[in-house]
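Trainee:
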Amino acid sequence: MPTVTAQIERSHVERLSETVQKRLAAGRSSAEEGLRVEDVAGLEGRLSADEWQCLHFLVQFMPQVDVARLSLGYLMEHVQYSLKAREEFPWAKEVPWEVFLNDVLPYAYFDEPRESWRPVLYSHASKVLSVHPPSPSSLRAAAQLLNEYIWSTWEPPIVFVADRTPAVMSPLDVIEARNASCTGLSILIASACRSVGIPARVAGIPIWNTPAGGNHNWLEIWADGQWQFTGAHEYTPKGLDRGWFFPYPISTSQPGAGNHSIYATTFKPGGQGHDASAVFPVSWDWSVTYVHGVERTKWYLSLCPKEVVSGEGEVMAEGSRNDGGGAAEVVER
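Quick note: the sequence shown uses my numbering, first residue 4, plus one each step.
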């Protein structure tokens with residue numbers, strides 16, 4: 004006859020969705036590693052309703068490779084810091100719950116090392132916003148301030164160096180190296196935004212549809228009910244939806260063209276309100292097929308002046324970033 008404890012544990016497990024139970028059961032590589040059904044289910048009665056929903060969301064949509072290698076404590080750190088930021092910062096309270104779950108709570112974007120970055124970036128981002136209070140106190144203003152000042156909160160400051168992916172990509176790796184190329188910088192600023200309750204994700208194109216090719220990644224933030232873009236470590240007082248890569252070579256991208264299309268990362272397959280793509284193509288390791296993406300090409304093209312989309316007036320902006328450090332042609336990883 005099962006014990007009372009066993010009956011309680013079974014009851015908790017039954018409250019987990021069937022999908023989550025199967026993922027946990029399939030993901031473990033050994034008895035010592037990864038997430039166990041019993042451990043996750045056993046937390047239900049000890050967590051708030053919001054904490055439980057956050058944990059369930061992460062486990063349901065996390066890459067299967069992470070089920071086998073991440074700990075429950077690691078996930079709960081992200082859950083608790085995310086909810087702390089949602090309570091603490093005024094703009095965070097206004098973010099719809101489904102956007103919070105998909106674009107504030109998650110711990111990763113691509114295949115970067117899984118690290119305990121949130122406490123570090125919460126501390127640094129909070130200090131930036133304390134020294135430079137957003138005026139008005141808005142999500143958009145806070146994101147702009149972080150992109151302007153977060154890099155210099157370390158000494159020496161974090162700077163751009165071409166072709167550093169995948170060697171330097173995770174937030175803590177970037178902080179240690181004090182440099183990164185576009186992917187690492189984008190991951191760091193997106194993570195800094197998330198640490199203070201700002202929905203953020205990484206967008207990019209696997210290969211520019213230009214003779215020189217090359218890839219590029221940048222930042223998208225959710226503000227005023229829609230996604231908007233800016234270059235990582237490329238603050239401009241002119242605001243969002245600007246960057247050296249816009250309108251050209253973004254104007255050369257092609258909807259539904261795979262490597263020549265523009266994507267944004269999403270933790271949950273399908274994302275929020277855009278064309279779904281099964282995979283965000285990872286140009287530094289084509290074997291990585293577990294990064295969910297939404298295709299954003301049509302949206303970006305809709306912002307481009309017609310003469311640029313048609314092939315006229317294709318001019319690279321000053322300050323472009325590339326592997327060679329000269330004229331902007333091959334964009335770094």
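Note that the Cβ used here is the ideal one computed from N, Cα and C, for glycine as well.
Quick check: what's the CA-CA separation for residue 98 versus residue 216?
Mentor: Those two C-alpha atoms are separated by around 37 Å.
Trainee: Quick one: residues in its chain with C-beta nearer than 6 Å to the C-beta of residue 34, no 5 flanking neighbours on either side, listed in chain order?
Mentor: Only weak support exists for where residue 34 lies, its pLDDT of 49 falling under 50; the coordinates are left without a value.
Trainee: Would you say residue 62 reaches chain C, if we count a Cβ-Cβ gap shorter than 8 Å as a contact?
Mentor: Going by chain labels, chain C is absent from the structure shown, which holds only one protein chain.
Trainee: In chain order, what residues of the same chain lie with their CB nearer than 6 Å to the CB of residue 192, ignoring the 5 residues before and after it?
Mentor: Taken in chain order, the residues that qualify are 150, 222, 235.
Trainee: Taking the CB atoms as reference points, tell me whether residue 140 and residue 208 lie closer together than 8 Å.
Mentor: It is not a contact, given that the beta carbons lie outside the stated cut-off.
Trainee: With DSSP collapsed to three states, give me the class of residue 135.
Mentor: Of the three classes helix, strand and coil, the one that applies to residue 135 here is coil, per DSSP.
Trainee: According to the neighbour-count rule (16 or more other Cβ atoms, all chains shown, within 10 Å of its Cβ), is residue 147 buried or exposed?
Mentor: Label assigned to residue 147: buried.
Trainee: Would a C-beta distance cut-off of 8 Å place residue 227 and residue 306 closer than the cut-off?
Mentor: Contact flag unset, no.
Trainee: Are the stretch 178-189 and the stretch 99-108 touching by the rule of at least three beta carbon pairs closer than 8 Å?
Mentor: Segments in contact, no.
Trainee: Within the stretch 52-94, note down every full alpha helix (DSSP H) run reaching 4 residues or more, in order along the chain.
Mentor: Here the runs fully enclosed are 52-64, 67-70, 75-91.
Trainee: Roughly how far, in whole angstroms, is the beta-carbon of residue 57 from the beta-carbon of residue 20, given that I think they are within contact range, below 8 Å?
Mentor: No, residue 57 and residue 20 are not in contact; Cβ-Cβ is about 14 Å, not under 8 Å.
Trainee: Considering only the beta carbon of each residue, do residue 78 and residue 118 sit closer than 8 Å?
Mentor: Against a cut-off of 8 Å, the Cβ pair of residue 118 and residue 78 comes out as no contact.
Trainee: What does residue 245 pair with, by DSSP beta-bridge criteria?
Mentor: Answer is 233.
Trainee: Mapping the DSSP letters down to three states, classify residue 303 as helix, strand or coil.
Mentor: DSSP places residue 303 in helix when its eight states are reduced to three.
Trainee: If you draw a straight line from the C-alpha of residue 167 to the C-alpha of residue 145, how long is it?
Mentor: Those two C-alpha atoms are separated by around 28 Å.
Trainee: Could you give the residue range of the alpha helix (DSSP H) that holds residue 144?
Mentor: First-last of the alpha helix (DSSP H) with residue 144: 142-152.
Trainee: How would you call residue 233, buried or exposed, if buried means at least 16 neighbouring beta carbons within 10 angstroms?
Mentor: It counts as buried.
Trainee: Are the CB atoms of residue 264 and residue 300 within a distance shorter than 8 Å?
Mentor: Contact: yes.
Trainee: Could you round the C-beta distance between residue 64 and residue 271 to whole angstroms and report it? I think they count as a contact, below 8 Å.
Mentor: Confirmed, Cβ separation roughly 5 Å.
Trainee: Measuring straight from C-alpha to C-alpha, what distance separates residue 114 and residue 294?
Mentor: Approximately 8 Å, taken between the alpha carbons.
Trainee: Could you check where the alpha helix (DSSP H) with residue 101 kicks off and where it finishes?
Mentor: Unbroken alpha helix (DSSP H) run through residue 101: 100-106.
Trainee: By the 10 Å Cβ neighbour count, where 16 or more other Cβ atoms means buried, how is residue 138 classified, buried or exposed?
Mentor: Residue 138 comes out exposed.
Trainee: Starting from residue 297, trace the beta strand (DSSP E) both ways and give me its first and last residue.
Mentor: Per DSSP, residue 297 belongs to the beta strand (DSSP E) from 296-298.
Trainee: Looking only at C-alpha atoms, which of 290, 202, 51, 160 sits nearest to residue 92?
Mentor: The shortest C-alpha separation from residue 92 is found at 202.
Trainee: Assuming the contact rule is C-beta atoms closer than 8 Å, residue 132 and residue 199 should be a hit. Round their C-beta distance to whole Å, please.
Mentor: Contact flag correct, Cβ pair sits at about 6 Å.
Trainee: Terminal residues of the continuous alpha helix (DSSP H) containing residue 208?
Mentor: No alpha helix (DSSP H) holds residue 208; the beta strand (DSSP E) holding it covers 203-208.
Trainee: Over what stretch of residues does the alpha helix (DSSP H) that includes residue 46 continue unbroken?
Mentor: First-last for residue 46: undefined, no H or E at that position.
Trainee: Less than 6 Å between C-beta atoms, sequence neighbours within five positions excluded: which residues of the same chain meet that for residue 61?
Mentor: Same-chain partners within the cutoff: 78.
Trainee: Can you name, in chain order, every residue of its own chain whose Cβ lies under 7 Å from the Cβ of residue 121, other than the five neighbours on each side?
Mentor: Closer than 7 Å at Cβ, skipping near neighbours: 80, 81, 84, 198.
Trainee: To the nearest angstrom, report how far apart residue 55 and residue 37 are at their CA atoms.
Mentor: So the two alpha carbons sit approximately 19 Å from each other.
Trainee: Give me the Cα-Cα distance between residue 185 and residue 158, rounded to the nearest whole angstrom.
Mentor: Those two C-alpha atoms are separated by around 20 Å.
Trainee: Can you name the residues that DSSP bridges to residue 163?
Mentor: In DSSP, residue 163 forms a bridge with 183.
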